[in-house]
Amino acid sequence: MCGIIGYIGNNKASETIYDGLRRLEYRGYDSAGIAVVDNNQIICKKEPGKLSDLKNLLLDTFPSDSTIGIGHTRWATHGRPTTFNAHPHGDCKNSLMVAHNGIIENYIKLKKNLLAQGHKFVSETDSEVLAHLIEEKYTGDLKQAVLDALHEVEGAYAIAVIHKDHPDKILCARKNAPLLVGHGTNENFLASDVTPILPYTRKVTYLDNLEGALVTKDSIEFFDLTDGTPLSKESVTIDWNPVAAEKDGFPHFMLKEIYEQPQVIRNTIGGRTSEEEGKIYLDELGLTGPEIYRTQRIIIVACGTAYYAGCVAKYLLEEMVRIPVECDSASEFRYRKPLVDQNTLVIGISQSGETADTLEAIRLAKQMGAKVLGVVNAKDSTMTREVDGLVYIHAGPEIAVASTKAYIAMLTALTLLALMLGKIRSVLTPEYVKEKISELKVLPQKIEQILENTKPIQEIARKYINAKSFLYIGRGVNFPTAMEGALKLKEVSYIHAQAYAAGEMKHGPIALIDDKMPVFAILTKSDLYKKTLSNVEEVKARKGTVIALASEGDEHIQDVADNVIYIPEVSEVFSPIINAVPLQLFAYYVADFKGLDVDQPRNLAKSVTVE
Ligand code: AGP
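Numbered according to the working numbering, the sequence shown spans residues 95 to 705.
Below is the structure:
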């Protein structure tokens, strides 16, 4: 989604802001702009395009050395990517500028009223309404004008506001869109997330919903948006190393993050297991023993890759905890009439902790009396402040839009959760848990074996770069693996891919099979191996081509499949974790060989903070 950054201090604002916008690129965008207050005037430059193409406009020839400004990368929701639609947006008199992330749901009504009051609009966006609304309310007190304007706004917003009469302050506020402030020395920052300000400060304060801040060079005053009353808020120190958000020599963030996965699994496990006791420790779980015993069903809500992690967790939890588990797309859950009560545990899974549909789904679940658990990566994100309990996945900053290491971390965390709940509910014996803990701990080495030699996967990927469509098939706990593999290929290579439970092939999809429809079959060691193998043989009998993902030592598959990717054997319960890695690499290499923008695929955003 859109990215916002603001700076006030002693340095040239356009330089700090441009650098910060570059670090927000991963959020996906199609235009960018910078505005500053200079000698009681507003100076603003903005254009559609990538920041590398806008460097001359926004940096080299930016016509001001002002030390206060705001910047924005826009991911178009209302209105095409054009100069007028780019942010920041000004008022009629070019007295103020607003950068906005979110959606103003009542902007049509507001715009109509403002037009009737004589305001002139230049863009098609909902965001421009904010600039004119603040202008309408402004009588000299910028904070009050922002408060009064936001009282009329419905929807989601994270905003930053500057005014030519106030060269010493930036106003910012949030509702249902992420925003934080960074505490510097004789300088302060605001941004949509930590990555743009990490090189300058690691001390940040996250704004909660309906909170604002007045940011000057030497102070940050927090206030409640309802009535402007001052708030005192805790700051946190971010332990992410700024370098971590760089590429470390890899050609793309996506490949870097795939290679980080062995370490990510180690980080997710962290100090959460005791092999000798056969115990799992999830300190922030926030669920008491009685609450765990009282749980009669679990509903998992998530979107995209996180949803597929939830689908894997359904199999693990039903096997290890023996209670009914549903996994639902958050965008579906929140609009159906779900059956939720105080004996339901709802688990929201989200890398960013800011996905609008997932946040609304857990809010609905809480209203209906459920206990809500968050499985989240981004520390102090909105979801982490709204759930009853937490399991951080500790994947570190995930920059590539296509999620890889966060998925692996989600699966690892959900496996720990299933083992813990199964032990507490006496479904699992300590011996079983000990055995699984020790196997989980060797998983990183097995993934490292795959990463040490990706040549076979690269060679297969090169063969299929012109494919127009793919089927991915799997069974049991690897049916969601097939879904995630198909999503990765779609996201980064733009090749259509559809996942099916392998048992479904005969019920229609096999009609698609011919020599132009390759099938990627998950055929690693499993109780369902033979069943899936027969589906593959049916595909071959119809001249289909098959790529098989198989466990080392499986000689037979070479006589059946056209291409085989071998990976180390693991217990079926851990196979979704290791199986995801070759599927990620396959999608990555197909996209890279096609010369596509792997880290920022077209039309996609890293965090979908609006519906
Ligand atoms: C995954 O590769 C996609 N980028 C997307 O499906 C993502 O998983 C989804 O938007 C959910 O994001 P979240 O985990 O931050 O909630």
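Cβ atoms here follow ideal geometry from the backbone N, Cα and C, with glycine treated the same way.
- In summary, Pro603 is buried, with 16 or more beta-carbon neighbours lying within 10 Å of its beta-carbon over all protein chains present.
- In this structure, Thr449 has its beta carbon less than 8 Å from a heavy atom of ligand 1.
- When the beta-carbon positions are compared, Ile672 and Ile554 stay at least 9 Å from each other.
- Counting only runs that start and end inside the region 629-698, the beta strand (DSSP E) elements of at least 3 residues fall at 640-645 and 657-661.
- With respect to the C-alpha of Val309, the residue from Leu204, Asp377, Tyr401 and Ile162 having the closest C-alpha is Ile162.
- For Phe347, the three-state secondary structure derived from DSSP is helix.
- In the DSSP annotation of this structure, the continuous segment of the beta strand (DSSP E) that includes Met191 starts and ends at Leu190 to Ile198.
- Looking from the CA of Ala644, the closest CA among Leu190, Pro676 and Val667 belongs to Pro676.
- Around the beta carbon of Pro612, 16 or more other beta carbons sit within 10 angstroms, so the residue counts as buried.
- Put simply, the region 236-250 does not touch the region 285-294. Fewer than three CB pairs are less than 8 Å apart.
- If you check the CB distance, Tyr300 and Pro272 come in under 9 Å.
- In this structure, Arg168 and Tyr123 form a Cβ contact; the two beta carbons are roughly 6 Å apart against a cut-off of 8 Å.
- With a cut-off of 8 Å, the C-beta of Ser587 is classified as distant from ligand 1, since no heavy atom of the ligand falls inside that distance.
- Annotation for Glu328: Thr299 place their beta carbon closer than 8 Å to its own, counting only its chain and skipping 5 residues before and after.
- Per DSSP, the unbroken alpha helix (DSSP H) holding Asp451 starts and ends at Ala450 to Gln461.
- Within the same chain, Glu666 come within 6 Å of Ser620 by CB-CB distance, once the 5 residues on both sides are set aside.
- Within its own chain, the residues whose Cβ lies closer than 6 Å to the Cβ of Asn200, once the five positions on either side in sequence are excluded, are Glu248, listed in chain order.
- Counting the other Cβ atoms within 10 Å of the Cβ of Glu305 gives 16 or more, which makes it buried.
- For Pro356, there is no enclosing beta strand (DSSP E); the residue is found in the alpha helix (DSSP H) stretching over Gln355 to Ile363.
- For Gln445, the shortest separation between its Cβ and any heavy atom of ligand 1 lies below 8 Å.
- Listed as beta-bridge partners of Val255 by DSSP are Val192 and Leu265.
- Exclusion of the five residues before and after Gln678 leaves Ile352, Thr498 and Lys582 as the residues of its chain whose Cβ lies within less than 7 Å of its Cβ.
- Only residues of its own chain outside the window of five on either side were considered, and among them Ile607, Val613 and Val640 have a CB closer than 6 Å to the CB of Val633, listed in chain order.
- In the DSSP assignment, Pro524 falls within the alpha helix (DSSP H) that extends over Pro524 to Glu546.
- The beta carbon of Ala500 is closer than 6 Å to those of Gln445, Asn471, Ala489 and Glu492 in its chain, skipping five residues each way along the sequence.
- At least 9 Å separates the beta-carbon of Asp185 from that of Asp159.
- Taken atom to atom, the span from the alpha-carbon of Leu376 to that of Lys231 is near 49 Å.
- Under the Cβ criterion (8 Å, minimum of three pairs), the region 355-365 does not count as touching the region 384-398.
- Distances taken from the Cβ of Thr506 to the heavy atoms of ligand 1 include none shorter than 8 Å.
- Beta bridge pairing from DSSP links Thr167 with Gly97 and Ala126.
- Secondary-structure assignment with DSSP links Tyr486 through a beta bridge to Val470.
- Taking C-beta atoms under 8 Å as the contact rule, Pro695 and Val586 qualify, at a distance of about 5 Å.
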